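Engineer: This structure is in structure tokens; I'll ask about it shortly.
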Amino acid sequence: MSDQLPPTGAGDAAAQEPEAAPANVLSFNASEATGAGGVGGDIATFAAMGAHGLPVVATLVMRDTAEIFDQHVIEADAVAEQARTVLEDISISAWKVGFLGSAENVSAVAEILSDYPDVPLVAYMPAVGWMDEDEHAAYLDAYRELILPSAEVLVGNQKTLTDFLLPEWDGERPPSTRELAVAAAEHGARHVLVTGIVLPARAQEGFVDNVLASASGAICGEKFERFEASFLGAGETLSAALAALLASGADLPSAVSEALSFLDQSLDAGFRPGMGHVVPDRFFWAVPPEDEDGDGEEPFGGPGGLEDPGQARGPKRMH
Numbered sequence: 000m001s002d003q004l005p006p007t008g009a010g011d012a013a014a015q016e017p018e019a020a021p022a023n024v025l026s027f028n029a030s031e032a033t034g035a036g037g038v039g040g041d042i043a044t045f046a047a048m049g050a051h052g053l054p055v056v057a058t059l060v061m062r063d064t065a066e067i068f069d070q071h072v073i074e075a076d077a078v079a080e081q082a083r084t085v086l087e088d089i090s091i092s093a094w095k096v097g098f099l100g101s102a103e104n105v106s107a108v109a110e111i112l113s114d115y116p117d118v119p120l121v122a123y124m125p126a127v128g129w130m131d132e133d134e135h136a137a138y139l140d141a142y143r144e145l146i147l148p149s150a151e152v153l154v155g156n157q158k159t160l161t162d163f164l165l166p167e168w169d170g171e172r173p174p175s176t177r178e179l180a181v182a183a184a185e186h187g188a189r190h191v192l193v194t195g196i197v198l199p200a201r202a203q204e205g206f207v208d209n210v211l212a213s214a215s216g217a218i219c220g221e222k223f224e225r226f227e228a229s230f231l232g233a234g235e236t237l238s239a240a241l242a243a244l245l246a247s248g249a250d251l252p253s254a255v256s257e258a259l260s261f262l263d264q265s266l267d268a269g270f271r272p273g274m275g276h277v278v279p280d281r282f283f284w285a286v287p288p289e290d291e292d293g294d295g296e297e298p299f300g301g302p303g304g305l306e307d308p309g310q311a312r313g314p315k316r317m318h
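This note's numbering puts the sequence shown at residues 0 to 318.
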């Protein structure tokens, strides 16, 4: 096992310029009590990547580590007021949009995003099929129409993005990353980061791919070995790490590569705090090497999870 090191990028910049303040990243997301996802997961990831998180809560999700039970949506005016208040005081370098709870909140957030067209946006689409059918359809329609035009990158796993971007897809094969990117571009998103792509070739069985693409085609990607473990918060971790890296000034391909590596190691060090899924350990790098093999629960390695596949530490890359 190799020594664990803190993430590069924002952390390196801070080490070289100790007087520089961390980059500020504003997150519009849900709040949920497991700490795996939502604004809690975002804040932890931003901090681990050397950025400062500004959490704006859009809805309260009632869940445990196994399943979602309900949500209590915050009124759109209150969501907007949270953001406007902090934006009048603090300059931001990037933002992330996660789950917003309702079409009304999507509209309120989109209005704010439109006032800051030069700030890069990472949009994360989790699986939201648990919502009421009518609310679900309205939410996805609003997200496509209002959030994607501002998105530098749309992040999600292959199935979720297929359902979101190409709901009428009935091909015998899943859509390619370019086909998903073309569909996203039709709504204004410049890139997609598609995760959890199952590789059919026998020689690559047991691996999943993660690809950044634009409407012109694939740009970069990482293949990781797949293990049998289910994670909660993988997609939140990846998208938040990507936003933090973009905020620090990294170019998109480099940011994607480092964010995937960070996710890989976070999941490998993951832990199960309850009776449900495994939660990423965003601070894997802070554990002293002599304590890594101490008493306690063994870390989990590999992909899986409610929304995104996990990966094992290495990272076990194939290209």
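Using N, Cα and C, we set each Cβ at its ideal position, and we do this for glycine too.
Please read these numbers as outputs of a predicted model, since none were measured by experiment.
Measuring alpha carbon to alpha carbon, tell me which residue in 71, 52, 54 and 53 is nearest residue 61.
Structural biologist: Taking the first residue of the sequence shown as position 1, residue 61 is located at position 62. Considering only alpha carbons, the answer is 71.
Engineer: Taking residue 56 as the reference, which of 196, 133, 270 and 105 has the closest Cα?
Structural biologist: As a first step, residue 56 is located in the sequence shown; it is residue number 57 there, counting from the start. Nearest C-alpha to residue 56: 105.
Engineer: Which same chain residues, not among the five before or five after residue 242, have their C-beta less than 7 Å away from its C-beta?
Structural biologist: As a first step, residue 242 is located in the sequence shown; it is residue number 243 there, counting from the start. Only 24, 93, 94, 95 and 121 meet the Cβ criterion.
Engineer: Rounded to whole angstroms, what's the CA-CA distance from residue 295 to residue 270? Just pull it up for me.
Structural biologist: The residue given as residue 295 occupies position 296 in the sequence shown. The residue given as residue 270 occupies position 271 in the sequence shown. Interpretation of residue 295 is limited by its pLDDT of 46, a score under 50 that renders its predicted location unreliable; the figure taken from the coordinates is listed afterwards. Whole-angstrom Cα-Cα distance: 10 Å.
Engineer: Say whether the stretch 148–163 touches the stretch 122–129, bearing in mind that this needs 3 or more beta-carbon pairs closer than 8 Å, one atom from each stretch.
Structural biologist: yes
Engineer: What residue range does the alpha helix (DSSP H) around residue 265 cover?
Structural biologist: Translated into positions along the sequence shown, residue 265 becomes position 266. Note, residue 265: alpha helix (DSSP H), 251–267.
Engineer: Mind the definition here: the stretch 131–141 touches the stretch 227–237 only if three or more C-beta pairs lie below 8 Å; say whether that holds.
Structural biologist: no
Engineer: How many angstroms separate the CA atom of residue 115 from the CA atom of residue 173?
Structural biologist: The sequence position of residue 115 within the sequence shown is 116, counting from 1. The sequence position of residue 173 within the sequence shown is 174, counting from 1. Their backbone Cα atoms lie some 35 Å apart in a straight line.
Engineer: Okay, do the stretch 268–286 and the stretch 21–37 touch, 3+ Cβ pairs below 8 Å being the bar?
Structural biologist: yes
Engineer: Name, in chain order, the residues that DSSP records as bridge partners for residue 55.
Structural biologist: For the purposes of this step, residue 55 is taken as residue 56 along the sequence shown, with counting starting at 1. Answer is 27, bridged to residue 55.
Engineer: Tell me the DSSP secondary structure of residue 98 in three-state form.
Structural biologist: Numbered from 1 along the sequence shown, position 99 holds the residue referred to as residue 98. Coil at residue 98, not helix or strand.
Engineer: Out of curiosity, what's the CA-to-CA distance linking residue 91 and residue 171?
Structural biologist: If you number the sequence shown from 1, residue 91 lands on position 92. If you number the sequence shown from 1, residue 171 lands on position 172. If you take the alpha carbons of residue 91 and residue 171, they lie about 44 Å apart.
Engineer: Using three-state DSSP, classify residue 176 as helix, strand or coil.
Structural biologist: As a first step, residue 176 is located in the sequence shown; it is residue number 177 there, counting from the start. Three-state DSSP puts residue 176 in a helix.
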